[in-house]
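In this note's numbering, the protein residues as written are 37 to 930.
Virtual Cβ for every residue (Gly too), placed ideally from N, Cα, C.
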């Protein structure tokens, strides 16, 4: 690679950046290795296009855009079609392509279909005998997947991806590269989050001056809300692997199951004041990982250390980053049998960063570190090809054996309750490679009968370990690790829990999963990957109305779509019986007289889209309950919904709320900058949602608060989630009569000066009153008030993902209602690990509060029901608030 010629000084494009970065490197103290080539001593094939030839700048002198990345890989394919192949595997919400490239020898690229089929055969040990597996192991290359840039503002790894591909294609007479080409097929996913990366690059380019500014307070480094980390809907794609809510993740999971790479690495960035992290990972280990997988982590870590030592790069292992949660890129692939790892590079968040220790970290250094780690990983995989392939086959075989002999051999998902969520969960499992059967008639398992439509998941299959992770009510952390966290907490040192401690798709979806130590008997068929089972109205000739029983998410989806089309629904707030059938509270009644003449045709389409049941009725008469003309029947019209957007909201929560409403329920939302809301004419909206945020009062100001109060008094429905409750509860706002609660040590007495034990000492140094310690993330039980309209459609128990430390005092009866509250202390925890004082303090406290103000409503939801888009069992909490709330307010406008 040759030096480029600087462009005009007024051009802020990459070539001027080249000279500036090099000048910065010369002016600053640096190791000699930092001035070397990316891989010193390498000769490159001139037929393979360089960065400069394609993009106009040299590696790591500018931050490549998503379009540049695609352009470069397409150029590599044109130059060497016999050694590199590029595919598109998904499109982002903003319609950007996500691509991956296969890089290898001409021989391996020529037999890609054979390699794919061979890995598929190894993945099915029940159909591939050990002798057949050994023949495949003797001929297949090891497949390595290198994933870059899942967080869009972690900028160095996608540029390292391009450099890695170039090096593996163009390096000549290099024994390391020759071995990789011969024994490995390297699959490179260069930009897992192009929308987020584009957001970062645009801000950086707009903020850039005449030289890189290493000051971390400069606009180059200070990303405006929401930052570039997340995708279009502001999801952290590194938490979406088993939830599969986003197109980027769905495409990636599908492709991984075509190739079954034996090695998967997710390359990230961390604080710019750190160094470089690679495996082995930190504790706690997920108990469903095998000892063989953990042992192989050290193989890769040692080889990485060899090269990092050689070049003088600093690094650390076994700290901070664990893979306990199965929804990371560094963990999900492990459950089909890969060795999965995360690598973390200190981030410059630009072309240079002044670190706290006074050194300057450059983009070039960051790119080089990721590049060296990538080549080292491929080298390790190639050198251990047979071991990795054999262990992959054995992993899949041992999963079948364990599943067929354990204390749980079958898990049944009964077809009852929220049927839409039962269907969706089964489809999600199939999409992740699980074998699922659907009952075509009644079946039995462990002496219990289950209706047609129930799903049977045998654990005697290769995905057994993933299934236990996703379907078990809890995955337990190691006791030694937990004891250490309690010791640290006692000294206020902070815990070492990296992410949530609880996940369980049945609990999160609000459905049952019944384990059985035996088997299931009865007629079944293969379940498919579809998430919705279409339905049709019972008949087309209703004389009075069509009903939609309010039994779950399918009914909610139909309501949202129907309201958006201008349909009007009545909704009795108590159960009723008609023609011998009992309908639950909240059931939708679409009267022919209230709606267009093509009502049936519209409902027919909506039933097919949502799976909602739509019986017809020829009368308004009911045997029990209230008739359709009762005052206890709400009239539901389409509310105009506004969502606070931008600072100070949590971008994750704002994005997830918008995603659930817009994409899952197809209901339009106006996202409005919070500063604009403070002065906007709110009478245009019936519902306003405030996601979690810490400083709403400063943004709204005195006048904005007054406008908000007046809007609620006039009939607005205000929905506040988590931290937004603090804003509404503040004495200057007064829209929710609650407050945060603290842990009190109690009053002191004369004996407090006598410290007779370690316990006395600990008690004395505790603050008298303090916020409870933050909880990492647990699933808690909450119970609805069955008499409140906010809880229609909910089961007797819902499961809430609770994190943080906020606990709110219940509303008094003269102030409002606690529509849902957490369970008592002995019943509260459903899954995960919670500090003891938090468990006691949260017991019986509100999850959802509803308070009337004038003609309007304020609804406070103390834990976000849309977290990561995977709490489907709480969707009705949000939908009831947003779509039903306005029907229970009395606005002075429509």
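Going by DSSP, residue 145 is part of the alpha helix (DSSP H) stretching over 142-146. Beta-carbon to beta-carbon, residue 458 and residue 466 are separated by about 13 Å, too far to satisfy the 8 Å threshold. Residue 526 and residue 209 have their alpha carbons spaced roughly 58 Å apart. Look at residue 911 here: in three-state DSSP terms it is helix. Nearest in C-alpha terms to residue 919, of all of 716, 366, 701, is 701. Taken in chain order, the complete alpha helix (DSSP H) segments of 4 residues or longer contained in the segment 164-249 are 166-175, 192-206, 211-219, 230-243. No Cβ-Cβ contact shorter than 9 Å links residue 385 with residue 504. With a contact defined as Cβ atoms closer than 8 Å, residue 363 and residue 278 qualify at about 5 Å. Beyond the five residues adjoining it in sequence on each side, residue 335 comes within less than 7 Å, by CB distance, of 416, 420 in the same chain, given in chain order.
Listed as beta-bridge partners of residue 557 by DSSP are 480.
Within the model, the alpha-carbon separation for residue 93 versus residue 87 is close to 6 Å. Runs of the alpha helix (DSSP H) lying entirely within the segment 382-425, each at least 4 residues long, are 399-419 in chain order. Under the three-pair Cβ rule at 8 Å, the segment 75-86 counts as touching the segment 208-224. Comparing C-alpha distances from residue 703 to each of 564, 914, 498, 273 shows the shortest one belongs to 914.
Partner residues in the beta bridge of residue 306, as assigned by DSSP, are 382.
Per the coordinates, the alpha-carbon of residue 595 lies some 29 Å from the alpha-carbon of residue 772. Taking 9 Å as the cut-off, the beta carbon of residue 264 is found no closer than this to the beta carbon of residue 156.
Membership of residue 840 in the beta strand (DSSP E) is indicated by the continuous run 834-840. Contact annotation, residue 838 with residue 518: C-beta distance approximately 18 Å; criterion of less than 8 Å not satisfied. Distance from the Cα of residue 726 is smallest, within the candidate group 692, 365, 90, for 692.
It is roughly 60 Å from the alpha-carbon of residue 373 to the alpha-carbon of residue 665. Contact annotation: residue 590 and residue 659 have beta-carbon atoms that are not nearer than 9 Å. When secondary structure is reduced to three states using DSSP, residue 123 falls in the strand class. Taking the Cα of residue 306 as reference, the smallest distance to any Cα among 191, 468, 104, 592 is reached at 191. For residue 675, DSSP records no beta bridge to any residue. For residue 246, the number of other beta carbons within 10 angstroms of its own is below 16, and it is reported as exposed. Distance check between residue 135 and each of 143, 114, 149, 110 places 110 closest, using alpha-carbon atoms only. A direct Cα-Cα distance of roughly 28 Å separates residue 909 from residue 439. Given a length threshold of 3 residues, each whole run of the beta strand (DSSP E) inside the segment 559-625 is given here in chain order: 560-562, 581-584, 605-608, 612-614, 617-619. The beta carbon of residue 653 sits closer than 7 Å to the beta carbons of 578, 580, 581, 583, 614 from its chain, once the five residues preceding and following it are set aside; these are given in chain order. The beta carbon of residue 352 lies closer than 7 Å to those of 311, 313 in the same chain, with the five residues before and after it left out.
Burial is judged here by how many other beta carbons sit within 10 angstroms of a residue's own beta carbon; residue 801 has fewer than 16 and is exposed.
Looking at the DSSP output, residue 681 shares a beta bridge with 709. Look at residue 494 here: in three-state DSSP terms it is strand. Pairing residue 375 with residue 303 gives a Cβ-Cβ distance that is not under 9 Å.
In the three-state scheme derived from DSSP, where H, G and I count as helix and E and B as strand, residue 486 is classed as strand.
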